[in-house]
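Before any comments, here is the structure.
In the working numbering, the protein residues as written are 8 to 140.
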């Protein structure tokens with residue numbers, strides 16, 4: 008709001024996300040993104056991330072979910088509640104169609120919500136693409 012620009016180089020991206028209104032990400036001397044923080048966090052990405060909470064998940068729920076069209080990965084979070092899964096969806100698939108497929112499994116759904124993209128994930132997405140070892 009003061010119209011000031013400050014360049015900060017930091018690995019503590021969670022704090023920067025709270026502190027900054029705009030961000031520029033530079034990778035190997037090239038600007039990968041420059042603009043409002045919200046635009047970066049809400050931008051389209053290669054995959055969409057969702058949280059799914061099932062009422063009572065069978066033991067093989069992650070495998071069942073992972074076989075559905077449009078789901079790239081399905082995994083129970085390390086510290087999640089029983090029946091909770093982190094899903095990564097292919098951006099080419101409509102999340103409504105994926106949800107319909109999940110409903111088709113016949114397991115009652117408690118919640119299906121899109122996860123907000125975090126600055127560290129956006130940074131990794133922008134800087135790890137096309138990197139050769």
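From the three backbone atoms N, C-alpha and C, an ideal C-beta is built for every residue, glycine too.
Residue i - DSSP class collapsed to helix/strand/coil
{"i": "residue 59", "result": "strand"}
{"i": "residue 112", "result": "coil"}
{"i": "residue 119", "result": "strand"}
{"i": "residue 132", "result": "helix"}
Between the CA atoms of residue j and residue i - distance to the nearest angstrom
{"i": "residue 76", "j": "residue 9", "result": "48 Å"}
{"i": "residue 19", "j": "residue 124", "result": "16 Å"}
{"i": "residue 84", "j": "residue 105", "result": "20 Å"}
{"i": "residue 111", "j": "residue 50", "result": "30 Å"}
{"i": "residue 128", "j": "residue 100", "result": "21 Å"}
{"i": "residue 21", "j": "residue 114", "result": "35 Å"}
{"i": "residue 42", "j": "residue 29", "result": "5 Å"}
{"i": "residue 44", "j": "residue 25", "result": "9 Å"}
{"i": "residue 102", "j": "residue 116", "result": "15 Å"}
{"i": "residue 38", "j": "residue 130", "result": "12 Å"}
{"i": "residue 67", "j": "residue 36", "result": "46 Å"}
{"i": "residue 27", "j": "residue 12", "result": "10 Å"}
{"i": "residue 109", "j": "residue 65", "result": "13 Å"}
{"i": "residue 120", "j": "residue 47", "result": "19 Å"}
{"i": "residue 118", "j": "residue 34", "result": "37 Å"}
{"i": "residue 107", "j": "residue 40", "result": "35 Å"}
Any chain B beta carbon closer than 7 Å to residue i
{"i": "residue 16", "result": "In the structure shown, chain B cannot be found, because there is only a single protein chain."}
Rounded distance between the beta-carbons of residue j and residue i, thought under 8 Å
{"i": "residue 90", "j": "residue 63", "result": "6 Å"}
{"i": "residue 15", "j": "residue 134", "result": "Rounded, the Cβ-Cβ distance is 17 Å, inconsistent with contact."}
7 Å CB neighbourhood of residue i in its chain, flanking five on each side removed
{"i": "residue 79", "result": "54, 95, 96, 97"}
{"i": "residue 122", "result": "56, 57, 58"}
{"i": "residue 17", "result": "23"}
6 Å CB neighbourhood of residue i in its chain, flanking five on each side removed
{"i": "residue 126", "result": "20, 24"}
{"i": "residue 81", "result": "69, 72, 73, 92, 94"}
(request) Pick out the complete beta strand (DSSP E) segments inside the stretch 21 to 86, 3 residues or longer, and give them in chain order. (result) If we require 3 residues or more, the beta strand (DSSP E) runs fully inside the stretch 21 to 86 come out as 29 to 34, 37 to 43, 54 to 61, 78 to 82.
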